[in-house]
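Q:
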Amino acid sequence: MVCEVFRCNKQDYYRAVAVAAEDQLEYTEFLKLRGLPYSVTKSNIVEFFDEFELAEDSVHIACRLDGKATGEAYVEVGSVDDARKAMDKDKMTIGSRYVELFTSTPDEARRAKSRSKQ
């Protein structure tokens, strides 16, 4: 077995690590959204995921203790396959903000639901 080692810059290193980590993601039906406008509504998020037929009760917008939005939300899509497809919307925009998408867990979404806008 031969192993070749090459020099690279930091950007190439981080890109390679990110690709490797992405391949090891374990998907669930839950996604975390970050970078949302503070004024986002559940309807805006349902519209963002229009091809996945989300119900508004599957969207949880995270809030601080004072009730103000944090710019994060959690959604539950219909299946793990839908979650994979929904990740294609990573870095697309709602309003003037681009939205980052991450895999999430039922526990993380449940905790967010307890502190979300109703």
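Per the UniProt record's numbering, the sequence shown starts with residue 1, numbered consecutively. Just so it is clear, CB atoms sit at the ideal spot from N, CA and C, and this is done for glycine as well. These figures come from a predicted structure and were not determined experimentally.
#1: Relative to the C-alpha of Y74, which candidate in G67, C63 and A16 has its C-alpha closest?
#2: Would you kindly report the start and end of the unbroken beta strand (DSSP E) that includes E47?
#3: Assuming residue 128 and K42 make a contact with CB atoms under 8 Å, what is their CB distance in whole Å?
#4: Quick check on this structure: which residue in N9, R15, K32 and V5 has the alpha carbon closest to the alpha carbon of E72?
#5: Leaving aside the five residues before and after V46 along the sequence, list all residues of the same chain whose C-beta is less than 7 Å from its C-beta, in chain order.
#6: Considering Cα atoms alone, identify which of D50, V40, S104 and A83 is closest to G95.
#7: Measuring CB atoms only, is the segment 101 to 109 touching the segment 83 to 92, in the sense that at least three cross pairs come out at less than 8 Å?
#8: Which value, in whole angstroms, describes the spacing of the CA atoms of A112 and T93?
A: According to the structure shown:
#1: As a first step, residue 74 must be located in the sequence shown, where it is residue number 74. For Y74, the nearest C-alpha among the options comes from C63.
#2: Start at 1 with the first residue of the sequence shown, and residue 47 comes out as number 47. Looking at the DSSP string, E47 is not in any beta strand (DSSP E); the run it does join, the alpha helix (DSSP H), is K42 to F48.
#3: Since the first residue of the chain shown is 1 and the last is 118, residue 128 is not available in this structure.
#4: Your numbering for residue 72 matches position 72 in the sequence shown. Ranked by Cα distance from E72, the options N9, R15, K32 and V5 are led by K32.
#5: Within the sequence shown, numbered from 1, the residue matching residue 46 stands at position 46. Only L54, E56 and V59 meet the Cβ criterion.
#6: Here residue 95 refers to the residue found at position 95 when the sequence shown is read from its first residue. Checked all of D50, V40, S104 and A83; the closest Cα to G95 is V40.
#7: The answer is yes - the segment 83 to 92 touches the segment 101 to 109, with three or more Cβ pairs under 8 Å.
#8: Here the question's residue 112 lines up with position 112 in the sequence shown. Here the question's residue 93 lines up with position 93 in the sequence shown. Answer to the nearest angstrom: the Cα atoms are 22 Å apart.
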